[in-house]
Amino acid sequence: MRKRTLFRLATSAAALGAATLAYAALIERNMFTLRRYDVPVLPADAEPLRILHLSDLHMMPDQRRKQDWVASLAALDPDLVVVTGDNMAHPGAVPGVLRALHPLLDFPGAFVFGSNDYTGPVWKNPFTYFLPDREYTEGVELPYEELRAVLTGAGWADLNNARTTVKAGGRAVEVAGVDDPHVERDDYDAVAGPVSAEADVTIALSHSPEPAVLDRMAADGFGLLLAGHTHGGQVCVPGYGALVTNCGLPRSMAKGLHRWPGSDAWLHVSAGLGTHPTAPIRFACPPEASVLTLIPR
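All residue numbers for the sequence shown refer to numbering that gives the first Met the number 0, where the first residue is 0 and numbers rise by one.
Put into structure tokens, the structure is as follows:
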């Protein structure tokens with residue numbers, strides 16, 4: 000009797016596990032979701048400014064559903080489009096990325112790259128994400144310069160260790176960014192300094208939301224900090240949240256809008272739109288893009 004009961008329990012657990020894995024791989028991974036947030040960073044009486052924040056597409060050439068969904072976001076008519084890296088997951092991904100972004104290139108934009116814009120993914124044991132000092136392994140080189148040329152050719156600001164001012168929604172938006180801190184490509188010293196008093200809005204970008212970088216951005220007076228990289232945890236536990244962020248950010252800030260501690264800055268971390276190709280699952284953390292409506296304080 001006991002053996003029969005244990006067998007039934009084991010069979011039920013296996014069936015539940017298989018069903019959960021199928022849901023995470025086939026359904027939730029493709030449940031593209033639009034998040035909306037109001038961010039109080041503008042002066043009194045200022046008109047709202049809408050920012051479309053995209054991150055972590057991890058595009059494969061055949062992901063037409065993702066490409067079509069991202070392209071459809073042009074209907075939101077954003078004032079500014081911001082992309083915080085990890086656009087590619089395959090050497091042949093550039094056409095797919097551009098198919099997704101093409102309608103958005105008509106709007107003002109800015110971008111930084113992530114590690115997976117430079118080199119392709121390699122298989123890894125997902126449990127190594129729990130190791131803080133795990134070794135980073137590079138894959139095949141990706142055509143990041145080709146992607147950069149198209150984005151900058153459309154007038155988007157390349158903020159990989161750079162700083163400039165863009166016009167968006169009739170406002171002067173001071174933007175700065177660093178290349179990916181996750182693989183030590185960041186050079187904040189190259190862009191450091193207090194924000195301009197002439198700017199109507201100030202925004203800083205980093206693919207990986209490393210606290211040491213975010214602290215410096217906030218100390219320089221940037222009002223909105225944008226990042227991706229975490230995938231929101233990618234596999235979360237309902238009621239508990241992300242298990243890991245793959246960076247120095249606390250689990251409680253793995254995605255969404257948060258006040259950056261010790262400052263007046265707001266941080267938005269996108270859970271992103273893709274997954275690592277060797278772990279194509281999401282659970283309790285659907286892929287997302289976000290519209291951030293900047294409003295008066």
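Ideal placement from N, C-alpha and C gives every residue a C-beta, glycine not left out.
Bear in mind that the values here come from a model prediction, so they are computed numbers and not experimental data.
Cα-Cα separation between residue i and residue j, rounded to whole angstroms
| i | j | result |
| --- | --- | --- |
| Asp76 | Ala109 | 16 Å |
| Trp155 | Ala18 | 43 Å |
| Thr375 | Val38 | Outside the shown range of the chain (0 to 296) lies residue 375, about which nothing can therefore be said. |
| Ala196 | Val172 | 11 Å |
| Pro279 | Trp265 | 30 Å |
| His57 | Gly84 | 9 Å |
| His275 | Pro102 | 25 Å |
| Val93 | Leu100 | 10 Å |
| Gln297 | Leu225 | The requested residue 297 is not part of the displayed model; the chain covers only 0 to 296. |
| Met252 | Asp105 | 32 Å |
| Pro90 | Ala45 | 44 Å |
| Asn115 | Cys284 | 20 Å |
| Tyr258 | His52 | According to the sequence provided, residue 258 is Arg. The question's Tyr does not apply to it. Taking the straight line joining both Cα atoms gives about 17 Å. |
| Asp55 | Gly113 | 8 Å |
Three-state secondary structure (DSSP) of residue i
| i | result |
| --- | --- |
| Ile280 | coil |
| Pro102 | helix |
| Pro39 | strand |
| Gly154 | coil |
| His52 | strand |
| Ser71 | helix |
| Glu173 | strand |
| Ser205 | strand |
| Ala148 | helix |
| Ala23 | helix |
Own chain, CB closer than 7 Å to residue i, minus 5 neighbours either side, in chain order
| i | result |
| --- | --- |
| Leu158 | Ala109, Phe110, Val111, Val174, Ala175, Gly176, Leu204 |
| Cys246 | His181, Ser207, Pro208, Glu209, His228, Thr229 |
Expected contact under 8 Å - CB spacing of residue i and residue j to nearest Å
| i | j | result |
| --- | --- | --- |
| Gly168 | Val194 | Wrong, their Cβ atoms sit about 18 Å apart, outside the cutoff. |
| Arg34 | Ser262 | Their Cβ separation, rounded to whole angstroms, is 23 Å, which puts Arg34 and Ser262 out of contact at 8 Å. |
| Pro295 | Ala88 | About 40 Å; that fails the 8 Å criterion. |
| Arg170 | Ala191 | At roughly 23 Å, the Cβ-Cβ gap does not stay under 8 Å, so Arg170 and Ala191 are not in contact. |
Contact set for residue i: own chain, Cβ-Cβ below 8 Å, skip 5 residues either direction
| i | result |
| --- | --- |
| Ala23 | Val234, Ile280, Arg281, Phe282 |
Contacting residues, own chain, Cβ-Cβ under 6 Å from residue i (five flanking each side not counted)
| i | result |
| --- | --- |
| Leu79 | Ile50, Pro107, Ala167 |
**Report entry** In chain order, each beta strand (DSSP E) run of at least 3 residues that lies wholly inside the stretch 211-294
**Finding:** You should have 223-226, 255-258, 265-268.
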